[in-house]
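J.: Please find one structure pasted underneath; my questions will follow.
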Amino acid sequence: MTDADASAPVLTAPELDVNGPDFAALVAARLCHDFISPASAIVSGLDLLEDPSAQDMREDAMSLISSSARKLADLLQFTRVAFGASASAENFDSRELEKLAQGVFAHVRPTMVWDIAPSVMNKASARAILNIAQLAASALPAGGVATLKAVVADGRVAITADSAGPPPPPPP
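Each position in the sequence shown, counted from 1, maps to that position plus 7 in our numbering.
Spelled out as structure tokens, the structure:
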């Protein structure tokens with residue numbers, strides 16, 4: 008039940024007519040957005056290493072390059088399965104999917120609880136789980152906990168995600 012005023016008009020989302028090319032463009036824009044930050048940080052770190060006046064920042068530059076390269080690699084591995092062909096594997100172990108999702112969650116504010124029993128899933132289910140994991144993380148820009156659950160039965164997968172933000176700050 009909701010405590011919204013029953014007499015208030017119900018607002019609906021506008022219909023979105025997204026065809027294949029438009030949807031592909033939206034996905035490509037999202038991927039570029041995700042990749043540009045760590046790629047740019049790597050370039051910035053390399054620029055610092057080349058700057059003779061910034062030799063005192065060499066350790067910081069190496070740390071920036073290292074962490075950004077790890078983030079980019081984690082994002083690419085995740086994306087390959089979530090959106091791409093990901094080699095020829097037709098089935099995925101849920102433990103592999105957890106590792107991919109945890110790799111992405113390691114670089115964002117929310118944490119993830121993976122409540123999916125070890126099982127083998129087809130490619131479509133694997134992609135759905137990873138995309139739902141990404142949506143659950145995106146729903147928590149200020150942090151919190153995203154809990155992912157999936158049950159495999161009779162060749163079907165039921166997936167749920169619960170995104171709980173951080174508690175509000177205490178009143179002043």
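In this text, a Cβ means the ideal position worked out from N, Cα and C, and glycines have one as well.
#1: Give me the residue from ASP58, LEU142, GLU97 with the minimum Cα distance to ALA108.
#2: How big is the Cα-Cα spacing for MET128 and SER101?
#3: Consult DSSP for ARG134 and reduce its assignment to one of helix, strand or coil.
#4: May I ask you to report which of helix, strand or coil DSSP gives ARG163?
#5: Smallest Cα separation from ILE166: which of LEU55, GLY150, ILE136, ALA46?
#6: Do the segment 110 to 125 and the segment 150 to 163 touch if we need at least three Cβ pairs shorter than 8 Å?
#7: Roughly how many whole angstroms lie between the Cα atoms of GLU97 and GLN62?
#8: Using DSSP with H/G/I as helix, E/B as strand and the rest coil, what is GLY110?
T.: In this structure, then:
#1: LEU142
#2: 7 Å
#3: helix
#4: strand
#5: ILE136
#6: yes
#7: 49 Å
#8: helix
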